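Participant:
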Amino acid sequence: MDVMSCFGRSCDEHFRHYINPEEAKRAKQRDKEVTRILKDHHKQELKKLKILLLGTGESGKSTITKQMKIIHINGFDMQEKIEKIADIKRNIKESIVVLVLAMQQLGISLCSTESYKSLEFMLEEAGNPMIQHTKEFAKHVRQLWSDSGVQECYSRSHEFQLIDCAQYFLDKVEEVYDDDYVPSDQDILRCRVVTTAIQNIEFNVPDGGNQVRFSVFDVGGQQGERKKWIQVFDSVAVILFMVDCGSFDTTLREDPTKNRLLEALEIFEQVWKNRFLRNVSVLLFLNKIDVLAEKVAKGRCIAELVKKYPHIFPDFDSFTASNNEKNEFLDSFSTTEEKKKKGRNNSRPDLHPDVVKTAVYIKHLFMKIVKGEINLQQRSTKQDKEWHTHHSCEYYYTCAVDTNNIQRVLNGCRTLIIRKHLERFGII
Numbered sequence: 356m357d358v359m360s361c362f363g364r365s366c367d368e369h370f371r372h373y374i375n376p377e378e379a380k381r382a383k384q385r386d387k388e389v390t391r392i393l394k395d396h397h398k399q400e401l402k403k404l405k406i407l408l409l410g411t412g413e414s415g416k417s418t419i420t421k422q423m424k425i426i427h428i429n430g431f432d433m434q435e436k437i438e439k440i441a442d443i444k445r446n447i448k449e450s451i452v453v454l455v456l457a458m459q460q461l462g463i464s465l466c467s468t469e470s471y472k473s474l475e476f477m478l479e480e481a482g483n484p485m486i487q488h489t490k491e492f493a494k495h496v497r498q499l500w501s502d503s504g505v506q507e508c509y510s511r512s513h514e515f516q517l518i519d520c521a522q523y524f525l526d527k528v529e530e531v532y533d534d535d536y537v538p539s540d541q542d543i544l545r546c547r548v549v550t551t552a553i554q555n556i557e558f559n560v561p562d563g564g565n566q567v568r569f570s571v572f573d574v575g576g577q578q579g580e581r582k583k584w585i586q587v588f589d590s591v592a593v594i595l596f597m598v599d600c601g602s603f604d605t606t607l608r609e610d611p612t613k614n615r616l617l618e619a620l621e622i623f624e625q626v627w628k629n630r631f632l633r634n635v636s637v638l639l640f641l642n643k644i645d646v647l648a649e650k651v652a653k654g655r656c657i658a659e660l661v662k663k664y665p666h667i668f669p670d671f672d673s674f675t676a677s678n679n680e681k682n683e684f685l686d687s688f689s690t691t692e693e694k695k696k697k698g699r700n701n702s703r704p705d706l707h708p709d710v711v712k713t714a715v716y717i718k719h720l721f722m723k724i725v726k727g728e729i730n731l732q733q734r735s736t737k738q739d740k741e742w743h744t745h746h747s748c749e750y751y752y753t754c755a756v757d758t759n760n761i762q763r764v765l766n767g768c769r770t771l772i773i774r775k776h777l778e779r780f781g782i783i
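Numbering (our numbering), first residue to last: 356 to 783.
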């Protein structure tokens with residue numbers, strides 16, 4: 356005799372004898388309800404438009420998500436603003452410490468006895484995690500930032516690692532350390548906090564008479580964070596790839612031998628050719644056009660990078676942008692308040708020609724990857740050229756800290772994102 360089958364039958368009979376039929380019925384109903392809720396949740400998740408923010412570190416991804424919060428979720432409440440003060444003060448401390456240490460490396464001297472006293476204070480207290488919250492610290496920061504030696508060092512900041520918001524916050528130290536200080540939206544946009552985990556923000560966007568739910572994922576861009584990207588590839592509607600256009604003369608924090616713009620090009624190519632993303636369209640945000648304009652106006656030139664990698668980059672000196680391309684870039688800058696007062700809403704900014712040329716040249720580099728005209732991975736397969744129907748790339752010039760610019764760009768992207776999502780899932 357099969358002992359196990361006998362044991363099994365006796366158990367079944369035993370449980371049938373003791374289970375209340377009404378309780379069993381209720382358990383079955385609860386199971387059906389849980390299944391229904393899970394199915395409904397799955398349907399709601401599929402209705403969301405999932406946008407993945409990718410790009411190298413410090414390209415502006417987190418700033419874009421902050422702009423989305425300002426534009427679509429009523430911005431930051433008072434509690435959130437107060438909590439940001441600590442991060443802003445950390446930015447100030449990091450900036451001034453990096454500057455005074457870089458002065459020693461570059462052989463730049465301070466110009467006053469008072470500044471040397473402040474330098475001594477900074478070097479002694481650099482390891483104190485709470486020092487940036489004191490008024491004494493703020494006094495020494497003001498002294499150092501006003502020193503012409505520190506200003507000279509700042510003018511050479513492309514030679515070392517300095518956060519973009521350094522000048523912005525060092526210029527307003529007195530305001531930040533006022534007892535009644537509350538960060539503005541612009542302060543929060545400028546504040547730098549490293550993204551070390553996957554961040555998610557959701558909001559509704561009007562589309563005709565309906566509301567479309569957008570779910571945006573911000574993933575860290577540093578080399579150590581990129582392994583997390585694959586975790587959020589599933590069901591992505593669109594990839595928003597961020598590029599720091601002003602990074603052509605700087606290197607990575609993680610690898611001081613690697614140029615940041617070259618790294619961005621390589622990562623973009625990997626994303627563009629990723630087999631899991633062949634049916635996903637890419638929105639290319641050529642960001643930090645304000646930083647680019649400031650650098651080029653001060654004499655920095657991408658030609659130095661081009662000459663270093665002639666096998667990758669086409670010649671810059673002979674490059675010519677079309678009039679349409681020039682106007683497209685110039686129109687990306689928001690109208691200034693001064694021009695509005697003068698009634699010149701349609702006036703384009705007066706920028707050095709090399710600023711426009713550099714921006715359009717950088718755009719061409721990325722679009723050449725899209726067209727298969729640049730191959731940084733040194734491999735070319737038949738599959739690389741057989742793009743699927745819904746794999747396209749649209750580009751936009753952006754300034755992530757300019758809400759007017761980002762709102763205009765997001766409005767332009769909205770219809771495209773919805774259409775691409777519907778096309779991909781065969782709805783249109």
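Ideal Cβ placement from N, Cα and C applies to all residues, glycine included. Note that the coordinates shown come from a computational prediction; the quantities given were computed from them, not determined experimentally.
Taking all protein chains shown into account, decide if alanine 652 is buried (16 or more other Cβ within 10 angstroms of its Cβ) or exposed.
Facilitator: Along the sequence shown, one-based indexing puts residue 652 at 297. That one is exposed.
Participant: Using only alpha-carbon positions, find the residue among Asn559, Ala493 and Ser539 that is nearest to glutamate 435.
Facilitator: For this step, residue 435 is matched to residue 80 along the sequence shown. Residue Ser539 is the option with its Cα nearest to glutamate 435.
Participant: Hey, would you say isoleucine 443 sits closer than 8 angstroms to valine 531, going by beta carbons?
Facilitator: On the sequence shown, position 88 is the one that residue 443 refers to. On the sequence shown, position 176 is the one that residue 531 refers to. In this structure, valine 531 lies closer than 8 angstroms to isoleucine 443 by Cβ.
Participant: Along the chain, which unbroken stretches of the alpha helix (DSSP H) at least 4 residues long are found entirely within the stretch 404-438?
Facilitator: Within the stretch 404-438, the complete alpha helix (DSSP H) runs of at least 4 residues are 416-427.
Participant: Less than 8 angstroms separating the beta-carbons of serine 514 and leucine 461?
Facilitator: For the purposes of this step, residue 514 is taken as the residue at position 159 of the sequence shown. For the purposes of this step, residue 461 is taken as the residue at position 106 of the sequence shown. For the record, residue 514 in the displayed sequence is glutamate; it is not serine. Yes.
Participant: Between the stretch 760-777 and the stretch 657-676, are three or more C-beta pairs nearer than 8 angstroms?
Facilitator: Judged by Cβ distances under 8 angstroms, the stretch 760-777 makes no contact with the stretch 657-676, as fewer than three pairs qualify.
Participant: Within a Cβ cutoff of 8 angstroms, which residues of the same chain sit near histidine 488, ignoring the five residues on either side of it in sequence?
Facilitator: As a first step, residue 488 must be located in the sequence shown, where it is residue number 133. Cβ neighbours of histidine 488 beyond the five flanking positions: Ala441 and Lys444.
Participant: Would you mind stating whether lysine 403 and arginine 511 have Cβ atoms separated by less than 8 angstroms?
Facilitator: As a working note, residue 403 is residue 48 in the sequence shown. As a working note, residue 511 is residue 156 in the sequence shown. Taking 8 angstroms as the Cβ cut-off, lysine 403 and arginine 511 do not qualify as a contacting pair.
Participant: What whole-angstrom Cβ distance do threonine 418 and valine 756 have, given they're in contact under 8 angstroms?
Facilitator: As a first step, residue 418 is located in the sequence shown; it is residue number 63 there, counting from the start. As a first step, residue 756 is located in the sequence shown; it is residue number 401 there, counting from the start. With a Cβ gap of about 6 angstroms, threonine 418 and valine 756 count as contacting.
Participant: For phenylalanine 640, which option in Lys726, Ile594, Asn679 and Lys439 has the closest C-alpha, if you only look at C-alpha atoms?
Facilitator: As a first step, residue 640 must be located in the sequence shown, where it is residue number 285. The shortest C-alpha separation from phenylalanine 640 is found at Ile594.
Participant: Using DSSP bridges, identify the partner residues of threonine 758.
Facilitator: Taking the first residue of the sequence shown as 1, we reach residue 758 at position 403. Answer is none; threonine 758 lacks a bridge partner.
Participant: Below 6 angstroms CB to CB, which residues in the same chain sit around serine 590 once its five sequence neighbours on both sides are set aside?
Facilitator: Taking the sequence shown and counting its residues from 1, the one referred to as residue 590 is at position 235. These residues qualify, in order along the chain: Lys405.
Participant: Pick helix, strand or coil for cysteine 768, following the three-state DSSP scheme.
Facilitator: Taking the first residue of the sequence shown as position 1, residue 768 is located at position 413. Residue state, collapsed to three classes: helix.
Participant: Touch check for the stretch 516-532 and the stretch 459-478: three-plus C-beta pairs under 8 angstroms?
Facilitator: No: fewer than three Cβ pairs fall under 8 angstroms.
Participant: Quick one, which of Ile717, Val646, Glu749 and Lys650 has its alpha-carbon nearest threonine 675's?
Facilitator: Locating residue 675 in the sequence shown gives position 320, where the first residue counts as 1. The residue with the shortest Cα to Cα distance from threonine 675 is Ile717.
Participant: Quick one, are the C-beta atoms of cysteine 508 and methionine 458 less than 8 angstroms apart?
Facilitator: Residue mapping note: residue 508 aligns to position 153 of the sequence shown, counting from 1. Residue mapping note: residue 458 aligns to position 103 of the sequence shown, counting from 1. Cβ atoms of cysteine 508 and methionine 458: closer than 8 angstroms.
Participant: Which residue or residues does DSSP assign as beta-bridge partners of aspartate 599?
Facilitator: Looking up residue 599 in the sequence shown gives position 244. Note: aspartate 599 sits in a beta bridge opposite Asn642.
Participant: Please classify isoleucine 428: is it buried, with 16 or more other beta-carbons within 10 angstroms of its beta-carbon, or exposed?
Facilitator: Looking up residue 428 in the sequence shown gives position 73. It counts as exposed.
Participant: DSSP three-state call for proline 351: helix, strand or coil?
Facilitator: An answer regarding residue 351 cannot be provided, because it is not within the stretch 356 to 783 covered by the chain.
Participant: Do you know how far the Cα of leucine 409 is from the Cα of serine 636?
Facilitator: Here residue 636 refers to the residue found at position 281 of the sequence shown. Here residue 409 refers to the residue found at position 54 of the sequence shown. Each residue's alpha carbon lies about 13 angstroms from the other.
Participant: Verify whether the separation of the beta carbon atoms of cysteine 754 and isoleucine 667 is less than 8 angstroms.
Facilitator: On the sequence shown, position 399 is the one that residue 754 refers to. On the sequence shown, position 312 is the one that residue 667 refers to. No.
Participant: Just the C-alpha distance for tyrosine 752 and asparagine 678, rounded to the nearest angstrom, thanks.
Facilitator: Within the sequence shown, numbered from 1, the residue matching residue 752 stands at position 397. Within the sequence shown, numbered from 1, the residue matching residue 678 stands at position 323. When rounded, the distance between both Cα atoms is 16 angstroms.
Participant: Using a 10 Å radius around the Cβ and a threshold of 16 neighbouring Cβ atoms, would you call threonine 551 buried or exposed?
Facilitator: Here residue 551 refers to the residue found at position 196 when the sequence shown is read from its first residue. So threonine 551 ends up on the exposed side.
Participant: Span of the alpha helix (DSSP H) holding tyrosine 751?
Facilitator: Locating residue 751 in the sequence shown gives position 396, where the first residue counts as 1. Taken as a continuous stretch (DSSP letters only), tyrosine 751 belongs to no alpha helix (DSSP H), being part of the beta strand (DSSP E) at 748-752.
Participant: Taking only the alpha-carbon atoms, compute the straight-line gap between lysine 380 and tyrosine 750 and give it to the nearest angstrom.
Facilitator: Indexing the sequence shown from 1 puts residue 380 at position 25. Indexing the sequence shown from 1 puts residue 750 at position 395. Their backbone Cα atoms lie some 58 angstroms apart in a straight line.
Participant: Let's see if you can read the secondary structure: which residues bound the alpha helix (DSSP H) around arginine 655?
Facilitator: For the purposes of this step, residue 655 is taken as the residue at position 300 of the sequence shown. Unbroken run through arginine 655: none, as it is neither H nor E.
Participant: Under the rule that 16 or more other beta-carbon atoms within 10 Å means buried, what is methionine 423, buried or exposed?
Facilitator: Looking up residue 423 in the sequence shown gives position 68. Its Cβ being crowded by 16 or more others within 10 Å, methionine 423 is buried.
Participant: Could you pull out every residue in the same chain whose Cβ sits closer than 7 angstroms to the Cβ of arginine 615, ignoring the five residues on either side in sequence?
Facilitator: Position 260 of the sequence shown, counting from 1, holds the residue named residue 615. Correct list, in chain order: Thr411, Asp599, Ser602, Thr605, Thr606 and Leu607.
Participant: Start and end of the beta strand (DSSP E) containing arginine 545?
Facilitator: As a position in the sequence shown, residue 545 is number 190, starting the count at 1. Per DSSP, arginine 545 belongs to no beta strand (DSSP E); it is in the alpha helix (DSSP H), 540-545.
Participant: Could you tell me the alpha carbon to alpha carbon distance between asparagine 483 and glutamate 728, rounded to whole angstroms?
Facilitator: Locating residue 483 in the sequence shown gives position 128, counting from the first residue. Locating residue 728 in the sequence shown gives position 373, counting from the first residue. Straight-line Cα distance between these residues: approximately 51 angstroms.
Participant: Exposed or buried, threonine 612, counting other C-beta atoms within 10 Å across all chains shown (16 or more means buried)?
Facilitator: In the sequence shown, the residue the question calls residue 612 occupies position 257. Exposed, by the Cβ-count rule.
Participant: Would you check if the distance between the CB atom of leucine 620 and the CB atom of isoleucine 724 is smaller than 8 angstroms?
Facilitator: Here residue 620 is taken as the residue at index 265 of the sequence shown, counted from 1. Here residue 724 is taken as the residue at index 369 of the sequence shown, counted from 1. The answer is yes: Cβ separation under 8 angstroms.
Participant: What does the alpha-carbon distance come out to for the pair phenylalanine 492 and phenylalanine 431?
Facilitator: Within the sequence shown, residue 492 is the residue found at index 137, counting from 1. Within the sequence shown, residue 431 is the residue found at index 76, counting from 1. When rounded, the distance between both Cα atoms is 28 angstroms.
Participant: Measure the beta-carbon distance from leucine 465 to leucine 454 and round it to whole angstroms, keeping in mind my assumption that it falls under 8 angstroms.
Facilitator: The count along the sequence shown starts at 1 and reaches residue 465 at position 110. The count along the sequence shown starts at 1 and reaches residue 454 at position 99. About 11 angstroms separates the two Cβ atoms, so there is no contact after all.
Participant: Please list, in chain order, all residues of the same chain as glutamate 649 whose beta carbon is under 7 angstroms from its beta carbon, the five residues on each side excluded.
Facilitator: In the sequence shown, counting from the first residue as 1, residue 649 sits at position 294. Excluding positions up to five away in sequence, the list is empty.
Participant: Taking just the CA atoms, how far does glutamine 384 sit from arginine 545?
Facilitator: For the purposes of this step, residue 545 is identified with residue 190 of the sequence shown, where counting begins at 1. For the purposes of this step, residue 384 is identified with residue 29 of the sequence shown, where counting begins at 1. Distance between the alpha carbons of arginine 545 and glutamine 384 is about 53 angstroms.
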